[in-house]
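Asker: For reference, the structure I am asking about is given below.
Residue numbers (our numbering): 5 to 129.
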């Protein structure tokens with residue numbers, strides 16, 4: 005994959021996760037309208053007293069690693085389960101939200117893993 009394209013995708017994904025990670029602490033982005041099941045799940049995560057914050061820390065750390073181009077494969081491994089859950093959350097509980105950021109981060113994750121495939125292929129052999 006073109007190194008300039010990879011850089012743009014990496015920085016874009018990093019910025020998305022830093023912003024959404026910081027939002028878990030600051031709440032500066034408006035909350036989207038969610039259906040009952042989706043709202044209940046998010047409410048349970050927030051009310052756990054720790055999971056929402058743990059997710060925020062992981063988002064910020066991995067996002068910063070992507071932005072500064074350090075330990076990119078590690079950042080992608082950290083984000084992989086998050087990205088799968090974001091995508092499935094919207095696919096199952098909030099299909100209207102599937103078209104936006106959830107699909108974008110899934111595409112970015114796949115593209116960046118492909119760009120760094122030499123680091124990941126051992127996991128799949």
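By construction, the Cβ of each residue, glycine as well, lies at the ideal position given by its N, Cα and C atoms.
For clarity, every value in this text was computed on a predicted model and none was experimentally measured.
Note down, one range per segment and in chain order, each alpha helix (DSSP H) of at least 4 residues found wholly within the region 5 to 83.
Answerer: Whole alpha helix (DSSP H) segments, 4+ residues: 7 to 30, 40 to 51, 55 to 72.
Asker: Measuring straight from C-alpha to C-alpha, what distance separates residue 43 and residue 129?
Answerer: Walking along the chain shown from the start, residue 43 turns up at place 39. Walking along the chain shown from the start, residue 129 turns up at place 125. Cα-Cα distance, rounded: 39 Å.
Asker: Determine the DSSP secondary structure at residue 126, reduced to helix, strand or coil.
Answerer: Locating residue 126 in the chain shown gives position 122, counting from the first residue. The answer is helix: DSSP assigns residue 126 an H, G or I state.
Asker: Decide if the region 38 to 57 is in contact with the region 19 to 27; the criterion is three or more beta carbon pairs, one per stretch, under 8 Å apart.
Answerer: Taking 8 Å as the limit for Cβ pairs, the verdict is that the region 19 to 27 does not touch the region 38 to 57.
Asker: Residue 24: buried (16+ other C-beta within 10 angstroms of its C-beta) or exposed?
Answerer: Residue numbering aside, residue 24 sits at position 20 when the chain shown is read from its first letter. So residue 24 counts as buried.
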